[in-house]
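Residue numbers (my numbering): 5 to 115. Don't be surprised by glycine CBs; every beta carbon is placed ideally from N, CA and C. Here the structure is laid out as structure tokens; the discussion comes afterwards.
Here it is as structure tokens:
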């Protein structure tokens, strides 16, 4: 597991992992066996990494969908007649707002 891998931990996993790290440190200081704690940490990390990969894939799909929606709204605005122009502008604004929110969330995930 590389350091640049995104992992998404549940609150319970965070607690369990912290407990396992603490227990492993205690055992290491006592110069005792730490394999049990390492296995627990590896199991939690693997589950979090799998969940993180699914979240990143979903975020990429959402980002593509939002970009497509903005492109469609721009096309609708360009081809709208006078009576439908206001609705097309509102639609474009809504799509751009959605894209902005999605891009902000994607940046938080490191995309």
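Setting aside the 5 residues that flank it on each side, residue 59 is surrounded in the same chain by 12, each with a C-beta closer than 6 Å to its C-beta; the list follows chain order.
In the structure shown, residue 41 falls within a helical segment according to DSSP collapsed to helix, strand and coil. Non-local C-beta neighbours of residue 45 in its own chain, meaning closer than 8 Å and more than five positions away in sequence, comprise 21, 24, 25 and 28, ordered along the chain. Of all C-beta pairs linking the region 78-91 to the region 29-40, fewer than three are shorter than 8 Å, placing the two stretches out of contact. By the criterion of a C-beta distance shorter than 6 Å, residue 77 is surrounded in its chain by 95, 96 and 99, once the five residues flanking it on both sides are discounted.
Between residue 71 and residue 115, the CB-CB gap reaches or exceeds 9 Å.
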